[in-house]
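Each remark here refers to the structure printed beneath this line.
Number of protein chains: 2
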Amino acid sequence: MSIDRRSGCPINLSLEVFGDRWSLIILRDMIFGGKRHFRELLNGSIEGIASNILADRLKRLMELGMLTKADDPSHKQKAIYSLTEMAITLVPILAHLGAWGRIWLPVSEELSIRAELLEKGGPPMWEKFMDELRHEHLGMPSGTPPDATVRATLQAGYEAVVARKATGAGCDPGA
Amino acid sequence: MSIDRRSGCPINLSLEVFGDRWSLIILRDMIFGGKRHFRELLNGSIEGIASNILADRLKRLMELGMLTKADDPSHKQKAIYSLTEMAITLVPILAHLGAWGRIWLPVSEELSIRAELLEKGGPPMWEKFMDELRHEHLGMPSGTPPDATVRATLQAGYEAVVARKATGAGCDPGA
DNA sequence: TGCAACTGATTGCAAAATGCAATTGGTTTA
DNA sequence: TAAACCAATTGCATTTTGCAATCAGTTGCA
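Protein chains in written order, with the UniProt record's numbering: chain G, 1 to 175; chain E, 1 to 175.
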């Protein structure tokens, strides 16, 4: 399950890191969903990852230097997974990937609003988001108040769409 | 082998399109290598794809709308594969992926020079490259002379590295 | 103290994907 | 007419995946 090294081409090597069905999903949930624990990733993923696959990919991503693991002081069995700088710099790629998917694939509105906001925010927003992730995961200092984070902005956009769709679907008593 | 639709998330859907070991390699060889025929892709790929996998992925990429196939007028059995606009717009993602891989993974110098040049060229170079691909694959008009193409620039960079490494390795009779 | 719920995993097993070599039916070239 | 070339396809062994059940240890609560 380690790297193959079929060739030294950067695209090939990148593909060997996350060219599978689950690795990037896990990183997405950690980056955009703020998930740090095994259970959060297991139960929180809408795609429904199996626990053995999750365990395997977490191990693999650690071996590849994308994640680190630490004990959670609040619970002797709890582990906290952290993104490394290597994983944090994936943000622009995820932003592009989301933008591409939004154009060409049958995305759902509520799940693509984050991609839309991130695309509109452009590189400055990505940089801000990466700084927030460095603060959260690497303990770097941060100048952003907790209520003005990029993640909170994206989450608010998501919730606005969900709320609007709920009323639009006939749940609004005034309609 | 068609799309799963585990969720409507743009990143997930993108992953279902090329979240495997070979699809993006094939697209890379078509985009950067100018490969259009089955044999070119089969024998030209340094990673060594098997013919059944190649056939399967070409079929799948056609079903997904990333490629089209046409008869080659020069040979009744020859098929020409063309990129669609959907595939051409992958160029910025490939550029980012190459840049990321170049930083974090053990890339080889000769295979990463293209990624370096593409990164240095930035979005203007990517746009020019996409226009060239539209000309080649979609028959759009082009204002770029054949010797000043982005692909030719990248290829020249590659060959310069190969030549330098060959002399540096002791093949230079004057050394 | 006892027990259920929760922690990060591991195991067994069937199904699917992969990689390899050989082969297919047809076309072109020498 | 024979050899080389064309885009695949087939058979088969190996590997990976996905699912359900299970594991041993920890915590919170009655």
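Cβ coordinates follow ideal geometry from the N, Cα and C atoms, glycine included.
Predicted model only: the values in this text are computed from it and were never measured.
Item to check | E:V162 classed as buried or exposed, judged by whether at least 16 other C-beta atoms fall within 10 angstroms | outcome: exposed
Checklist entry - Can you list, in chain order, the stretches of the beta strand (DSSP E) that have 3 or more residues and sit fully within the segment 115-146 of chain E? => result none
Next on the checklist: If we define contact as Cβ-Cβ less than 8 angstroms, is E:S14 a contact residue for chain G?
Outcome noted: yes
Checklist entry - G:L64: which of E:S23, E:E132, E:W104, E:L41 sits nearest, CA to CA? => result E:W104
Item to check | Cα-Cα separation, E:S7 to E:R57 | outcome: 22 angstroms
Checklist entry - Mapping DSSP to helix, strand and coil, what is E:D172? => result Any answer about E:D172 is weak, because its pLDDT of 47 lies below 50 and its placement is not dependable; what the coordinates show is given next. E:D172: coil per DSSP, three-state reduction.
Next on the checklist: Below 8 angstroms on the Cβ atoms is my contact criterion, and I expect residue 197 of chain E with E:A79 to pass it. Report the Cβ-Cβ distance as a whole number of Å.
Outcome noted: Any property of residue 197 of chain E remains undetermined from this structure, which presents chain E solely from 1 to 175.
Item to check | Cutoff 8 angstroms: residue 187 of chain E Cβ touching any chain G Cβ | outcome: Because chain E in this structure spans residues 1 to 175, residue 187 of chain E falls outside the shown range and cannot be described.
Checklist entry - Would the segment 29-44 of chain E and the segment 13-20 of chain E be scored as touching if the rule is three or more Cβ pairs under 8 angstroms? => result no
Checklist entry - Using the beta-carbon of each residue, which ones in chain G are nearer than 8 angstroms to E:L24? => result I11, L15, G19
Checklist entry - With a cut-off of 8 angstroms, does the C-beta of G:G121 fall near any C-beta of chain E? => result no
Checklist entry - Under the three-state reduction of DSSP, which class applies to E:V161: helix, strand or coil? => result helix
Next on the checklist: Beta carbons nearer than 7 angstroms to chain G: which residues of the segment 51-64 of chain E have them?
Outcome noted: none
Checklist entry - G:T89 CB to nearest chain E CB: under 8 angstroms? => result yes
Next on the checklist: Using 8 angstroms as the threshold, is the C-beta distance between G:W100 and E:L90 below it?
Outcome noted: yes
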